[in-house]
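Protein chains in written order, with this note's numbering: chain A, 1 to 317; chain B, 318 to 634.
All C-beta atoms in this analysis are idealised placements derived from N, C-alpha and C, irrespective of residue type, glycine included.
There are 2 protein chains.
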Amino acid sequence: MAVYTQISDTLLKEYLSAYDVGEATSFKGIAEGIENSNYLLQTTTEKFILTIYEKRADPENLPYYLTLMKSLAEQGIKSPLPIEDRKGLALKTLKGKPCCMISFLNGVSSDFPNDRQSYNCGKVMAEMHKALSDFPETVENTLSVSGWLELFKGRAEQADALHPGAGAFIANQLAYLQDQWPSTLPRGTIHADLFPDNVLFSGDEVSGVIDFYFACTDIWAYDLAISLTAWCFDSENCFLPENATAMIAGYQSVRPLETEEKDNLVLLCQGASMRFYLTRLFDWYVDTTDALVKKKNPQVYLERLQHFTREGLSYGK
Amino acid sequence: MAVYTQISDTLLKEYLSAYDVGEATSFKGIAEGIENSNYLLQTTTEKFILTIYEKRADPENLPYYLTLMKSLAEQGIKSPLPIEDRKGLALKTLKGKPCCMISFLNGVSSDFPNDRQSYNCGKVMAEMHKALSDFPETVENTLSVSGWLELFKGRAEQADALHPGAGAFIANQLAYLQDQWPSTLPRGTIHADLFPDNVLFSGDEVSGVIDFYFACTDIWAYDLAISLTAWCFDSENCFLPENATAMIAGYQSVRPLETEEKDNLVLLCQGASMRFYLTRLFDWYVDTTDALVKKKNPQVYLERLQHFTREGLSYGK
């Protein structure tokens, strides 16, 4: 949440001269996104976000993310449209780093989403799954079960240091998830990071879905499980069954879940909790003196994993 | 350059309900200002900056800064207007911290200002000095000579560690400045931090002057010296006499300098270099693990001090 690459007004002017977007009237670095630099750019014609890709996004996958965003925007999903220059290029470079200008979306993300917002999040997710159901490109989800096993290697002690007993619990749960993880559920292109800060609202209506840099090909219902895990706990980390019920209903209003998907939803929520627990655990112990990023305590997702293990979804599978 | 205090959409809504400014349609943390949190807020009616004062600004002086900004804006200087709520209050609190909403100014700051921009910076500075010439409130400049002596206490070794020999050079210069610092030059309210990032341009015209949180009562020509020191060196730290000549001319187009002010301008530039050298030296050795602020190397201002000591202003006093 910072700006790593400084863009001078001179460089910006030169950059914009390749586009038909008018001239900059305002240009502010914004505190958004993890490990990318983002600028809010107002030109004489429109508002844009200029993203300079730093470390986290795999440069090889950038064309995939941009094509995917373009496909969604063109199908009427409220998502950012990558802007092409006069030559038709959307993926460009600034100071030797890949970058892209995308359309700006109005709206404010909800820190404590209500059930109506959760419903609309589920709905727009299913709309995205449908819109991308014949999207031809695929990218493996490197943060699924085999990625988790890799991430946890040699980290049981770190887990215990933060929360005594967590090391063994996680190891057990990992073995269980590896054994049980479903292989026959419907798959497609998923957002894979649809947290509350990635959905913009106008009132309770979705005005934008952003940040597609974890998108990949995986189980559709796992995408839903990620959002259930992210949206359905309050500030004390207590489960909010009304949000979960609403989100599932919103999803099903567009794409009804199959029986096998419903049967696996709790397991998928356990997997989603595991995924965010492990990446946060990893980040917690990375030296980030220079990174200007606030670390997030993995504990929150350990507790959510415990919740799903103990109580499932009170939605009543 | 980060956002320290997170404001939820719920809290924002509650906060805005005290104002007649419409509802939020977009709310982004921006990477601007040092050690304050700044948000760019778009409402159904207008754009604003919401600033939450963290550490650096002295809370006791906040009413002074806001009254000063109001006075400037009301006199037609392109500077942010503090927005009052329905009760007429501009200085408010959020999460127990002082905060203020100000009008948003279009424009882009110039990383490498040209002579025309330097002229216009000088001009707007003199306009501000005039506009505030009967401003009744005064605040001492704590970062003038006695503040420098305080800052440098016990730091000769740190100075030497960064640049061998700097400790003795600085000590000598400090003694010289203390001895020579003028006491009879015209004084008034000064910006005291009019760096290129605090002036917004539309083309070469000034569209906004921002960040008044170092404003104080001091020598008018010292304000000019600060901007000469900040604006008139290129990316290799070579002096740009054409910028300096233009800035002084711009200033004098509104308020001609008196002979004594001209005679002291080089000395004041040495003082300005000293001030920024010392605060950067201080910051360089402060533990900022949590601060999310990139440190700036003091070396740049040591070299500028050396330049002014050796060569003065080629503007030809």
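In DSSP terms, what residue i is bridged to
| i | result |
| --- | --- |
| A341/B | T360/B |
| N38/A | I30/A and T51/A |
| M101/A | L50/A |
| E457/B | T534/B |
| K92/A | C99/A |
| T506/B | T534/B |
| L635/B | Absent from the model: residue 635/B. The displayed extent of chain B is 318 to 634, so no value can be given. |
| V425/B | F518/B |
| G482/B | DSSP, once it has assigned bridges, lists no residue as partnering G482/B. |
| V526/B | V516/B |
| F239/A | F233/A |
| P399/B | I419/B |
Among the options, the one whose alpha carbon lies nearest that of residue i
| i | options | result |
| --- | --- | --- |
| K92/A | T51/A, H163/A and F135/A | T51/A |
| F625/B | S570/B, G588/B and T506/B | G588/B |
| G154/A | N120/A, L143/A, D85/A and L278/A | L278/A |
| H508/B | W498/B, F429/B, T342/B and I536/B | I536/B |
| I7/A | C555/B, E454/B, D428/B and M445/B | D428/B |
| T245/A | S314/A, V145/A and S109/A | S314/A |
| C100/A | K47/A, E127/A, R86/A and L62/A | L62/A |
| L268/A | Y301/A, A225/A and L302/A | A225/A |
| E236/A | R304/A, S207/A, S183/A and L11/A | R304/A |
| L16/A | N36/A, K47/A and I30/A | K47/A |
| L302/A | H163/A, T45/A and E137/A | H163/A |
| F25/A | E401/B, S354/B, I419/B and V425/B | Rather than Phe, the amino acid found at residue 25/A in this sequence is Thr. Here the closest residue by C-alpha is V425/B. |
| F529/B | G346/B, S519/B, D540/B and P503/B | D540/B |
| D204/A | R116/A, S37/A, P196/A and N198/A | R116/A |
| N437/B | L517/B, E377/B, A483/B and K612/B | L517/B |
| S505/B | S450/B, G405/B, I565/B and S420/B | Here residue 505/B is Gly; the residue named in the question, Ser, does not match the sequence. Residue S450/B is the option with its Cα nearest to G505/B. |
| L250/A | N36/A, K70/A, M128/A and S37/A | Looking at the sequence itself, residue 250/A is Gly, so the reference to Leu does not match. When only C-alpha atoms are compared, the closest one is M128/A. |
| E333/A | Q306/A, S202/A, G122/A and D85/A | No statement about residue 333/A is possible, as the shown extent of chain A runs from 1 to 317 and does not include it. |
| T459/B | F531/B, S420/B, N353/B and F486/B | F531/B |
| F486/B | P503/B, T362/B, Q623/B and L383/B | Q623/B |
| F27/A | D9/A, R310/A and A159/A | D9/A |
| V583/B | L328/B, N353/B, E559/B and R627/B | R627/B |
| Q158/A | S103/A, I30/A and R280/A | R280/A |
Whole-angstrom C-beta distance between residue j and residue i, which should lie under 8 Å
| i | j | result |
| --- | --- | --- |
| L385/B | F452/B | 7 Å |
| A221/A | N264/A | 7 Å |
| K130/A | R255/A | 6 Å |
| P80/A | L105/A | 6 Å |
| W284/A | S118/A | Between S118/A and W284/A the Cβ distance is about 28 Å, and since that is not below 8 Å, they are no contact. |
| P399/B | Y370/B | That pair is no contact at about 13 Å. |
| V441/B | V320/B | V441/B to V320/B, Cβ: 29 Å. No contact. |
| L557/B | D551/B | 6 Å |
| V462/B | Y381/B | V462/B to Y381/B, Cβ: 22 Å. No contact. |
| L151/A | F282/A | 6 Å |
| T360/B | E340/B | 6 Å |
Exposure label - residue i; buried when at least 16 CB within 10 Å
| i | result |
| --- | --- |
| E349/B | buried |
| D20/A | exposed |
| Q392/B | exposed |
| A303/B | For chain B, the structure presents residues 318 to 634; residue 303/B sits outside this window and is missing. |
| V523/B | buried |
| R592/B | buried |
| P343/A | With chain A covering only 1 through 317, there is no way to say anything about residue 343/A. |
| L411/B | buried |
| T259/A | exposed |
| T184/A | exposed |
| M1/A | Any reading at M1/A must be qualified, since the residue scores a pLDDT of 46, below 50, and its modelled position is unreliable; the value itself is stated next. M1/A is buried by the Cβ-count criterion. |
| V603/B | exposed |
| C533/B | buried |
| Q495/B | exposed |
| Q497/B | exposed |
| Q430/B | The sequence as given places Pro at residue 430/B; Gln does not occur at that position. Buried: at least 16 other Cβ atoms inside 10 Å. |
| A478/B | exposed |
| D58/A | exposed |
| A166/A | buried |
| G88/A | exposed |
Problem - chain B contacts made by the stretch 31-47 of chain A, where a contact means CB separation under 8 Å - result: A31, E32, L40 and Q42
Handout entry: Against chain B: residues of the stretch 139-167 of chain A by CB proximity under 7 Å
Key = none
Practice task
Could you name the residues of the stretch 59-93 of chain A whose beta carbon sits closer than 9 Å to any beta carbon of chain B, in the order they occur along the chain?
Solution key: none
Exercise for the section: Could you run through the stretch 408-437 of chain B and flag, in chain order, every residue whose CB is less than 9 Å away from some CB of chain A? Expected result: F421, L422, N423, G424, V425, S426, S427, D428 and F429
Practice task
Identify each residue in the stretch 329-345 of chain B for which the Cβ-Cβ distance to at least one residue of chain A is less than 8 Å, and report them in chain order.
Solution key: L329, A341, T342, S343, F344 and K345
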